[in-house]
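Protein sequences appear in the order of chains A, B and C.
Plus 2 on top of the position in the first sequence (first one is 1) and you've got our numbering.
Plus 692 on top of the position in the second sequence (first one is 1) and you've got our numbering.
Plus 2 on top of the position in the third sequence (first one is 1) and you've got our numbering.
Comments concern the structure below.
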Amino acid sequence: MNDDYLEIRGLTVDFDGFKAIDGVDLTLLEGQLHFLIGPNGAGKTTLVDAVTGLVPATGLARYRHQDLLRTKSHRIVRAGIGRTFQTATVFEGLSVLQNLDIAGGVHRTAWKMALARRGTPSYVEEALETVGLSGLRDKPAGVLAHGQKQWLEIGMLLVQDARVMLLDEPVAGMSAEEREETGELLGRIGRERTIVVIEHDMDFVRSYADVVTVMHAGKVLAEGSVAEIQANARVQEVYLGRQHKTSGAEMSSGAESSQEAGHA
Amino acid sequence: MKNLLQTGQRWGRTWGPLLGIVVVAIALLVVAPAVLSPFRLNNLGKYVCWAIAGVGIGLAWGRGGMLVMGQGVFFGLGGYAMAMHLKLEAAMATGGPDAVPDFMVLYGDGTMPGWWEPFRSGTFTLFAVLVLPAIAATILGFAIFKRRVKGAYFAILTQALAVAFATLLVATIKQTGGFNGLNQFTQFFGYNLYDPVNKKMIYSIAAVLLVVCLVVVWQLYRSRFGELLVATRDAEERVRFLGHDPANIKLVAFVVAAVMASIGGAMFAPITGIVSPSDVDATASIFLIAGVALGGRSLLLGPALGALAVGFGRTFLSESFPDQWTYFLGLLFIVVILFFPSGLGSAWSQLSARLRPKETVR
Amino acid sequence: MDAFTTPLLAGTATGALLLIAALGLALTFGQMGVINMAHGEFLMAGAYTTYLTQQVVTNTDLSIIVALPAAFLVAGALGLLLEVAIIQWMYRRPLDTLLVTVGVSLLLQQLAKDVFGAQGDPVHTPGWLDGNIDVFGYHWPYRQMFTILLAVGALAALGALLKQTSYGRRIRATVQNRDLAETVGVSTRVVDRVTFFVGSGLAGVGGVAVSLISGTNPNLGTTYIISAFLVVVAGGLGQLQGTVIAAFAVGIVTAFLTDWFNSSMAQVLTFALVVIFLQIRPQGLFTVRTRGLA
């Protein structure tokens, strides 16, 4: 068995006495589309922040024998773990191509950095193709539509050669067609990577998730396939306890971004 | 046809700025020496020194977003290093190989501090001009950037450094000439400083150095590093998640800017014949920024041309209205920053961008 | 004991002066992100107000009492003018306000030079402040004690303003969340102006204290502005305790260093200490708790 999995054991994040994450155990295997769901304040984003060095945490988070909790953010990226943010952050002044190219900087020597770009490296071309932005290569990233920015960010992770991708609500605010395209994109690139998606849109989760982890109040409530999660009584309780209108099968309205994400 | 046009545009983007540098080079190296009187040419040389420092400020502030308000310190490191050598040269020319600078006899007991000794060597001095500011900037930058001190905090710390540096110089009259600074040089690496031909040569050296600095930043701006630097300026935290430590990127720009300031200072000494605390203190540092702001902080030629313009304005206004120069400098800051934040060099594109409808992709 | 009490007491007085200067800076910086480099010139304006008051009210015992509110109003008015004329257009570019106010500071310095002359003017110490008290062998001037009392008074007044009045609540609301304050009906524009007026006015009060110690001088502002900024930087933003502690720490440490070495060495070492301090507690050490990357 290879070591390319992200292992989280007893992870705890303490914000001045408030435990945003409370003893979370997770094993994220390669080749699976792993979804992280849960109501507002469950600690999903904080979990990703902890693993990527943005907030201090205790416990264990390990990838390829590397202790992530004692590694600086940029070193974690170099170890092969990339992430996106809820609000897409691309370099608005740079073109799509430049955005992708700049993401490849980690693997370049100082000398190469001092030189101008000549042509397009093959891996940048590939990423451009994969995320479907070839037609917009010379446009400034600032003028891209919301969904296109998210794809660009995913493309940047591809150029970065991230083996683990932690995506924070990549389809929030996307149209139905864009969601579908994103889902297929994730399916394509997820075969040889570990992909974790924080999501609220249950339709999207149902369509593409291999494994779903439900978080609640900083703890893992349940883990399993979509069907298992939907049948889980405790999960239903958490969601139903918060909002009466919803049924267990339609958990999405219990989620924080149901307004933007809802396209029922 | 469209393809040809695009190729032409791309070619223009890459080589157009270089053409600008060539124009500046011809103006400074061919036209100016031919038309200006020796006095005016020497004045221009002084502005060129400020422009060299300005090019570095453009790199750090315009592209890197680091408002360096203490570049006078690095200007001073180069200036004093060179001035110490020139002072020793002057002393050794009349008093033999062990002679000490006149002011040390005047204010002190005629003994020279040990750290002056290596500056008897011209080679060491040139080495020091490049390496001293690099070391100082690396230490300071490392301490500041690694702890993620930025924005206004960074600006204030650099200005505080300039204040401290000037204070230290004033207080050490026996070692650095104090308030008077170092002056009365007679020769520059063996060349008589009173000979107009040599003065012209020194001017040319400064002008060439300015052109070299411009070419260096031209290459930096078009390099991947340049893109990364701008990216760091605009979204420092995002760059961290590309796997870079933003501190290192900023450090490189800061150190290069410091070395350029030092080079400017080093040429300032033989051209003006004096380096004193008032050339390197907080006010002098702010003056260096004025030109960069005027010309356009993030442009290639803006900082240099702005510095030349402000230098010229300073001489012109000081000659015409000796007491009013400060008002002009103050107003310049207010008007430029308020109305032309990206400098006069960008005023045109700023205007035309406002007239053009905004582009969006759907 | 003298080697200890002298720097301690003199340093406390310097710290008090820095505190008055830094309070206004911390207020405007913390609330609006505006770095007002002309703040030192407001200090200078306070000093010149004291000088002018003494020309009108010749009884020095009385004039200093008149000068305090006058200096507050003059400096406050200057600050308000600066806010209305320039700063309000630049809230989105905090780093640029720094440079604009550098320009304003140069203008005001030159103006003071042209109006009052490049040489400073003496300010007479009122009789009731002319004297000293013997503390462990150090003749502690009443003037220094007065400075400390003034600082404590300014701090108390500011504290009361922030905690007790409705304006204070609005100021605190604006500091904590500008957008939210706006949506619940706080006019942040008005709040900003009040803050700028009060912050600048405090500098004027500081100017009265400065004038008693060193008279007036067109360059007086530049002497204090950097130290005051170092106090703000070291103290951190958001609460006044940090500023208070940092002001007295910088004042006292500088006094001791001056005693051990000399005043210029003390300045250099104080700078170095602030940089070292920032290594341990950098303001920039922030935890990103937003969901995007701003």
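Even glycine gets a Cβ: it sits at the ideal position worked out from N, Cα and C.
Item	Value
Nearest to residue 71/C by CA position, among 60/C, 89/C, 48/C, 143/C, is which residue?	48/C
With residue 853/B and residue 765/B assumed to form a contact (beta carbons below 8 angstroms), what rounded beta-carbon distance in angstroms separates them?	5 angstroms
If you run the structure through DSSP and keep just helix, strand and coil, what is residue 937/B?	coil
Check for me: the beta strand (DSSP E) holding residue 224/A runs from which residue to which?	221-226
Would you list the residues sitting across from residue 217/A in a DSSP beta bridge?	222/A
Return the residue from the list 91/A, 65/A, 102/A, 76/A that minimises the CA-CA distance to residue 170/A.	91/A
Using only alpha-carbon positions, find the residue among 974/B, 894/B, 833/B, 789/B that is nearest to residue 768/B.	974/B
Rounded to whole angstroms, what's the CA-CA distance from residue 793/B to residue 781/B? Just pull it up for me.	9 angstroms
Opposite residue 142/A in the DSSP bridges: which residues?	97/A
Thinking residue 206/C and residue 76/C are a contact (beta carbons under 8 angstroms), I'd like their distance in whole angstroms, please.	6 angstroms
If you scan the stretch 783-811 of chain B from start to end, which runs of the alpha helix (DSSP H) of 4 or more residues do you find wholly inside it?	794-799
Work out the CA separation of residue 983/B and residue 1001/B for me, nearest whole Å.	7 angstroms
Tell me the rounded alpha-carbon separation between residue 763/B and residue 212/A.	57 angstroms
In terms of residues, what are the limits of the alpha helix (DSSP H) holding residue 46/C?	41-58
If you count every other CB in all the chains shown that lies within 10 Å of the CB of residue 151/C, and 16 or more means buried, which is it?	exposed
Using 8 angstroms as the cut-off, can you tell me whether the stretch 46-61 of chain C makes contact with the stretch 174-190 of chain C, which would need three or more C-beta pairs spanning the two stretches below that distance?	no
Any beta carbon of chain C sitting closer than 8 angstroms to that of residue 749/B?	no
Whose Cβ in chain B lies nearer than 8 angstroms to the Cβ of residue 67/A?	Under the 8 angstroms cutoff, chain B gives no residues; its nearest Cβ is about 19 angstroms from residue 67/A.
Is the number of C-beta pairs between the stretch 915-930 of chain B and the stretch 714-733 of chain B that are closer than 8 angstroms three or more?	no
By alpha-carbon positions, which one of 12/C, 7/C, 104/C ends up nearest to residue 1028/B?	104/C
Less than 6 angstroms between C-beta atoms, sequence neighbours within five positions excluded: which residues of the same chain meet that for residue 218/A?	40, 44, 240
Just to confirm the assignment, what range does the alpha helix (DSSP H) spanning residue 179/A have?	178-192
Can you pull the chain A neighbours of residue 915/B, defined as C-beta to C-beta under 7 angstroms?	115, 116, 117, 118
Apart from the five residues on each side of it in sequence, which residues of its chain come closer than 7 angstroms, Cβ to Cβ, to residue 742/B?	956, 980, 983, 999, 1003
Scan the stretch 978-995 of chain B for residues whose Cβ lies nearer than 9 angstroms to a Cβ of chain A and list them as they occur along the chain.	none
Rounded to whole angstroms, how far is the Cβ of residue 276/C from the Cβ of residue 232/C, which I believe are closer than 8 angstroms?	5 angstroms
Can you tell me whether residue 803/B is buried or exposed, with buried defined as 16 or more other CB within 10 angstroms of its CB?	exposed
For residue 1007/B, write down the residues that DSSP places opposite it in a beta bridge.	According to DSSP, which records beta bridges pairwise, residue 1007/B is partnered with nothing at all.
Please tell me whether residue 930/B has its Cβ less than 8 angstroms away from any Cβ of chain A.	yes
Between which two residues does the beta strand (DSSP E) harbouring residue 14/A extend?	8-17
Expressed to the nearest angstrom, what Euclidean distance is found between the alpha-carbon atoms of residue 707/B and residue 909/B?	14 angstroms
What is the residue span of the alpha helix (DSSP H) that residue 895/B lies within?	888-914
The beta strand (DSSP E) that contains residue 65/A, what's its start and end?	60-65
Counting C-beta neighbours from all protein chains within 10 Å, is the total for residue 42/A 16 or more, i.e. buried, or is it exposed?	exposed
So the candidates are 799/B, 1033/B, 776/B; which of them puts its Cα closest to the Cα of residue 863/B?	799/B
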